[in-house]
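The opening position of the sequence shown corresponds to residue 11 in the working numbering, with each subsequent residue numbered one higher.
Note that the Cβ used here is the ideal one computed from N, Cα and C, for glycine as well.
Given the structure is predicted, the values throughout are model-derived calculations rather than measurements.
Remarks on the structure that follows.
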Amino acid sequence: MLLQNHGIILLTDNMAGGANNITVDDVDGVTMPLKDGYVRETIGKEQEVRVIFVGEGNFTFSTAFASLRGGWSNIIASDISHIPPDYYNQTLLLTIRNCLQYNDELDAHSLEEAYDIYQTTTQFIAKIVNLSRTRFLPYIDATRLRETELFNADPPHDAHRCAIFFQCPYAGYANDETKQLVRDFISSASEVQRPGDFLFIGITTMFPYCKNYGLPEVIGGGGHAQNNRYLFMGADTEFPKDMLRRGYKHQAFTEIHDKIKDSHITLCFTKQ
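Written out as structure tokens, the structure is:
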């Protein structure tokens, strides 16, 4: 069976020779293994994995993730910009509003489904409200991680495995700024990560935004990720949906959240 969705084609087992694949057909035919559930299994349940979010913007993505793990333990959320002192409370309120709005718009085809959505949404909000306070880190440059307070010690991090997550990197349309940002982020992460660590990049598959990342040069054979000793595991299409249900809202220069919210995927890498 073939399913078309915002520039990606999902191939089920009977079409892909027994292996699920995603073909991002707008970006020079890049083919990716389908790895639904990979993010949740590797870092969503295991609190011993240190997860660092960069380029957070409104911090709703990291807050949604903290609600999934049940707290901020071993989670660091950062952005390159200044962060107002009261921004944490604002983020919680925004995440709760987004959670209510997103789940309210889900289609319920029966009373049982409607009740399940209500129950789940209530649980999500309770987890957000009960999160212990944390400090969002300002002025963290995702392209110069070794120079930040996160990794300026030797060794670069403690004995726990480390995951670095950049959700929807964007630096503009002209002159390949976003493509260069993605490449510089991967190079920067490679300097501070060790074998077995995880790297995640959230992208949208919607045209024309999907062409900004330079995916053929990033995840293709002999591409930038491979040259920096990252093994591309595949794309997780379920994890972004989980974050949306928990209150994530994309922040951009223009209001495009509703336009791209159903086209998010997470690219998954491990350091070799």
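| query | Looking only at its own chain, which residues have a Cβ that is under 8 Å from the Cβ of Ala124, when we skip the five neighbours before and after it? | reply | Counted from its first residue, the sequence shown places residue 124 at position 114. Counting only Cβ-Cβ distances below 8 Å, and skipping sequence neighbours, we find Ala118.
| query | Smallest Cα separation from Asn140: which of Leu155, Thr188, Thr105 and Glu122? | reply | Taking the first residue of the sequence shown as position 1, residue 140 is located at position 130. Ranking Leu155, Thr188, Thr105 and Glu122 by Cα distance to Asn140 puts Thr105 first.
| request: Mind checking which residues open and close the beta strand (DSSP E) that includes Val40? | output: Taking the sequence shown and counting its residues from 1, the one referred to as residue 40 is at position 30. Val40 to Pro43 is the span of the beta strand (DSSP E), which, as asked, contains Val40.
| request: Taking Ile211 as part of the beta strand (DSSP E), name the residues at either end of that continuous run. | output: Within the sequence shown, numbered from 1, the residue matching residue 211 stands at position 201. Phe208 to Thr214 is the extent of the beta strand (DSSP E) around Ile211.
| task | Using a threshold of 9 Å, state whether the C-beta atoms of Gly206 and Arg171 are closer than that. | result | As a first step, residue 206 must be located in the sequence shown, where it is residue number 196. As a first step, residue 171 must be located in the sequence shown, where it is residue number 161. Contact flag set, yes.
| message | Using C-beta distances below 7 Å, list every residue in its chain close to Arg256, excluding the 5 sequence neighbours before and after it, in chain order. | response | Walking along the sequence shown from the start, residue 256 turns up at place 246. Cβ within range, chain order: Ala74, Ser77, Leu78, Cys109 and Phe134.
| Counted within 10 angstroms of its Cβ, other Cβ atoms place Leu103 as buried (16 or more) or exposed | Looking up residue 103 in the sequence shown gives position 93. So Leu103 ends up on the exposed side.
| Going by Cα to Cα distance, which pick from Asn113, Leu121, Glu122 and Tyr149 is closest to Thr132? | As a working mapping, residue 132 is identified with position 122 in the sequence shown. It is Asn113 whose Cα lies nearest to the Cα of Thr132.
| Hey, how far is the Cα of Gln261 from the Cα of Ile85? | Here residue 261 refers to the residue found at position 251 when the sequence shown is read from its first residue. Here residue 85 refers to the residue found at position 75 when the sequence shown is read from its first residue. For Gln261 and Ile85, the distance between alpha carbons rounds to 20 Å.
| task | Kindly give me the distance between the Cβ atoms of Tyr240 and Thr280, rounded to whole angstroms, as I take these residues to be in contact under 8 Å. | result | Within the sequence shown, numbered from 1, the residue matching residue 240 stands at position 230. Within the sequence shown, numbered from 1, the residue matching residue 280 stands at position 270. Right, their Cβ atoms sit about 7 Å apart.
| From Glu201 to Arg156, what does the alpha carbon distance come to, in whole angstroms? | The count along the sequence shown starts at 1 and reaches residue 201 at position 191. The count along the sequence shown starts at 1 and reaches residue 156 at position 146. The alpha-carbon atoms of Glu201 and Arg156 are separated by roughly 7 Å.
| said: So, at 6 Å on beta carbons, what are the nonlocal neighbours of Lys137 in its own chain, with the 5 sequence-adjacent residues on each side left out? | reply: By 1-based counting over the sequence shown, the position of residue 137 is 127. Result list for Lys137: Ser77, in chain order.
| field | With 16 other Cβ atoms within 10 Å as the buried cut-off, status of Tyr258 | value | Stepping through the sequence shown from its first residue, residue 258 is reached at position 248. Buried, because 16 or more other Cβ atoms sit within 10 Å of the Cβ of Tyr258.
| Where does Lys189 fall in DSSP's three states? | Here residue 189 refers to the residue found at position 179 of the sequence shown. Helix, per DSSP.
| message | Quick check on DSSP: helix, strand or coil for His170? | response | Here residue 170 refers to the residue found at position 160 of the sequence shown. Looking at His170 - three-state DSSP - the assignment turns out to be coil, as it is neither helix nor strand.
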